[in-house]
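Residue numbers (mature numbering (1 follows the signal peptide of the UniProt record, and there is no 0)): -19 to -1, 1 to 603.
Only one structure is covered here, and it is reproduced in the block below.
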Amino acid sequence: MPLRFASLALLTCLVPAWAQDDPVATLPGTATERITADLRKLASEEFEGRGPETEGIKKAADLIRAQMQASGLSGAAADGGYFQPFDITLGSAPQAAETSLTLVGPEGGERELTIGQQVQPLAYGAGGSVRADLVFAGYGITAPKIGYDDFAGLDVKDKIAVILRREPRQDDPESPFDGDKTSRFAYISSKLKAAEDAGAAAVLLVNDSKTVAEEGDVLSEPGAFGGPAFQLPFGQITRQLADELLAANPIGTKSGLKFDSIAALEKGIDAALAPIGGPMWYSADLNFKFEPKQANVYNVVGVLEGEGPHADETVVLGAHYDHLGYGGVGSRTPGSNAVHNGADDNGSGTSLLLELIRRYGARAAAGEKPPRRMVFIAFSGEERGLLGSIHYVTKEPLFPLDSTRAMVNFDMVGKYGENAFQLHGMSSSPQFPPLVDVAAAKTGVVVDRVDGVLAASDHWDFIKVKIPAFHFFTGLHPDYHKPEDDVEKVNLKGIAELADFAEVLTDGILAGSEPLEFTEPPMSRLDGRKQAEGRPVLGVVPKDLPATGGGVEVDQLAPDGPAVEAGFRVGDVIKAVAGVPVADAVGLSAALSDAKVGQTIEVTVDRDGQTETLTVTLGAAE
């Protein structure tokens, strides 16, 4: 039988009797070794970034289920198994029956292109039908301060602009386009805005030589650059196809030069750092139509039943196991088809959850049943807007929410040591601080205690129904939502230390005879109290809602802040920052963390259904 605490004060010196022995010591290997094995598997190429449309996420779900079974957890789903299924919308895909692109040659011959092989409609633009001439417009850049404008003197009005990725002299440290770094003129949003301003009816993108060298002449996925942000149709054709068109009908200049390949055009533009463009002597009959793309995914849910007078009460431990797959929505490397392994986000939290499953399973097998029911949930759909936790809380709670005592969420816990360990949600129950005191004293883990909560992870849906919740978080970093978020950059020993802390903290939550009182917590900063000072800020307050992957709605503007000076309005939906699509508030913070105080950037917003590009100079957090 569990030992009840005589009073809350005793929490500072006691842990429950059922937690005194150490069956965990019988587990094979060390905690760090076990966590390392899990994370190397979850963040491997085999698991394909655990994207919702991949086979890899199914393998991850199977791995989690297998650990639950091996640890003696019962399946908690409605059918008695471990999978709680639900459907999600992945974005947009071309509607096959109504999507086509037919080239019409100078002599009237027609050539229908193969969707997905020679041409790819991209959902960053709009659907629509255009029949117009093709015009090569260089890199699609308008940069008056540099004295470079691909559209100056070029007639693209009501025509289809064919443009290159990136920018001229991109590997030249002396290039006026920010040296060998990527400047804002290389951003897809900047190119589409320039083409739109020049009157183009549609845009077709072509891979530049650097992209081909790094990734091959591959077409991006339809959602690679995010959801619709522009009103003109936008697609991509292969470099090979563009070369075929140029070989048959080279682009000529007034000086008599002829360019019969993309490579020749790149070389010519680089040589003089001057635009080269002109008609391609083909027209196109373009018809793009998109439809929602669906996927069936599932939360993985296991349960350890409790024992004693409070056995019908529930404590939820959770972590999302999905990530971005091959990029696309949410990626901070737009257009990349590389696997986003998501080692920190959120292979780290999933690995910590698996370690707790092992520990509590071993303890239960040794006769130490918890005094309350423990429900372990590996959520899916988090990267698409907290869809897994929304499904569990609002549509199919597997255990009564009114008797759910607390929720503990592990999301991005792989940087402890390099970054501070932030424990958000401290003020969601007045009984929480003493529990944290015990866990910190017993484990030696240093805690940045944050009263507020973020609306950007799965604990949020429990907070909304007045269930106290903790969120373990070790902060943002440059590899967030990029292919570079790999195991080698994660502090594996740090995750094991946080698992020790989480176990002691969870023991405290499970123990005690009194209900945990809920108090409404404030919203907290993404970087915690200790890490925000001196960071660049935009001067906007996002709407206090979880993201749906479609951008960040501005709820408030800081008086006299950078956003006010740049012309932002309440209700604007931020779609991209410095050319990188922004899916949610975490993505916005990450995009800003890549910038510097005083830097001038372009921010793309949706304002009353129209795309606007605002230029803002970032301020500093205080």
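Glycine included, C-beta positions come from ideal geometry on N, C-alpha and C.
Going by C-alpha to C-alpha distance, which of K39, S25 and S156 sits closest to F64?
K39
Could you tell me which whole beta strand (DSSP E) segments of length 3 or greater appear in the region 551 to 589?
554 to 558 and 581 to 588
Once you ignore the five residues that flank K474 on each side, which residues in its own chain have a CB closer than 6 angstroms to its CB?
T13
Grab me the residues of L200's own chain with a C-beta within less than 6 angstroms of its C-beta, minus the 5 sequence neighbours each way, in chain order.
Q101 and Q217
Between which two residues does the beta strand (DSSP E) containing R220 stretch?
Premise fails: R220 lies in the alpha helix (DSSP H), R220 to A229, not in any beta strand (DSSP E).
Could you name each continuous beta strand (DSSP E) segment of 3 residues or more that falls completely within the region 139 to 189, going from the start of the chain to the end?
Counting only runs of 3 or more, we get 141 to 145 and 183 to 187.
Contact defined as beta carbons within less than 8 angstroms: I believe I141 pairs with D178. What is the distance between those atoms, to the nearest angstrom?
Between D178 and I141 the Cβ distance is about 16 angstroms, and since that is not below 8 angstroms, they are no contact.
Leaving out five residues before and five after K511 in sequence, what residues of the same chain have Cβ atoms less than 7 angstroms from its Cβ?
Confidence is the limiting factor: at K511 the pLDDT is only 42, short of 50, which leaves the residue's position unreliable and the question unanswerable from this model.
Return the chain-ordered list of same chain residues with a C-beta closer than 7 angstroms to the C-beta of F206, the five sequence neighbours on each side being excluded.
L103, Y105, I169, P315, G316 and P562
Is L20 near the ligand COA, in the sense that its beta carbon is under 7 angstroms from a heavy atom of that ligand?
This structure does not include the ligand COA; it has no bound ligands of any sort.
Going straight from the alpha carbon of E363 to that of P290, what length do you get?
34 angstroms
Given A111, which residues of its chain have a CB within under 7 angstroms of its CB, disregarding the five upstream and five downstream residues?
For the record, residue 111 in the displayed sequence is Val; it is not Ala. Result list for V111: I141, A182, A183, P214 and L267, in chain order.
Kindly indicate which three-state DSSP category S25 falls into: helix, strand or coil?
coil
If you measure between the beta carbons of F166 and E148, is that distance less than 8 angstroms?
yes
Could you compute how far the alpha carbon of K524 sits from the alpha carbon of L238?
Put simply, the backbone Cα of K524 is about 55 angstroms away from that of L238.
Counting only beta-carbon separations shorter than 8 angstroms, does R150 have a partner in chain D?
Going by chain labels, chain D is absent from the structure shown, which holds only one protein chain.
CB-CB under 8 angstroms to E36, same chain, minus the five flanking residues each way: which ones, in chain order?
E29
Write down the C-beta distance between L416 and I490 rounded to the nearest angstrom, noting that I regard them as a contact closer than 8 angstroms.
With a Cβ gap of about 6 angstroms, L416 and I490 count as contacting.
Taking the alpha carbon of G433 as the reference point, which residue from V419, H458, V427 and L404 has its own alpha carbon closest?
L404
Spell out the partners DSSP gives Q403 in its beta bridges.
Answer by DSSP bridge pairing, in chain order: D429 and F454.
Have a look at G306 and A564 and give me their C-alpha separation to the nearest angstrom.
15 angstroms
From which residue to which residue does the beta strand (DSSP E) around Q275 run?
F271 to L285
Classify Q48: buried if its beta carbon has 16 or more other beta carbons within 10 angstroms, exposed otherwise.
A residue is called buried when at least 16 other Cβ atoms come within 10 angstroms of its Cβ; Q48 meets this threshold and is buried.
Give me whichever residues DSSP pairs with E469 in a beta bridge.
Its beta-bridge partners do not exist; DSSP assigns none.
Would S171 be called buried (16 or more neighbouring beta carbons within 10 Å of its own) or exposed?
The residue in question, S171, is buried, as its Cβ has 16 or more Cβ neighbours within 10 Å.
With distances taken Cα to Cα, identify the nearest neighbour of G134 among I127, A118 and R146.
A118
Note down, in chain order, each residue of its chain lying with its Cβ closer than 7 angstroms to the Cβ of A571, except the 5 sequence neighbours on either side.
R313, L457, Y461 and H462
What would DSSP say about R354, mapped onto helix, strand or coil?
strand
So, are the CB atoms of A24 and A252 less than 8 angstroms apart?
Not closer than 8 angstroms, so no.
What is the DSSP secondary structure of I257, reduced to helix, strand or coil?
coil
Hey, how far is the Cα of E484 from the Cα of N472?
19 angstroms
Is the beta carbon of N280 closer than 8 angstroms to that of H304?
no
Using the C-alpha atoms, what's the distance from D152 back to G425?
48 angstroms
Looking at the strands, I want to know which residues DSSP matches up with D536.
Note: D536 sits in no beta bridge, so no partner.
Give the single residue among D43, G542, G366 and G600 whose Cα lies nearest to the Cα of A566.
Taking only the C-alpha atoms, the option nearest A566 is G366.
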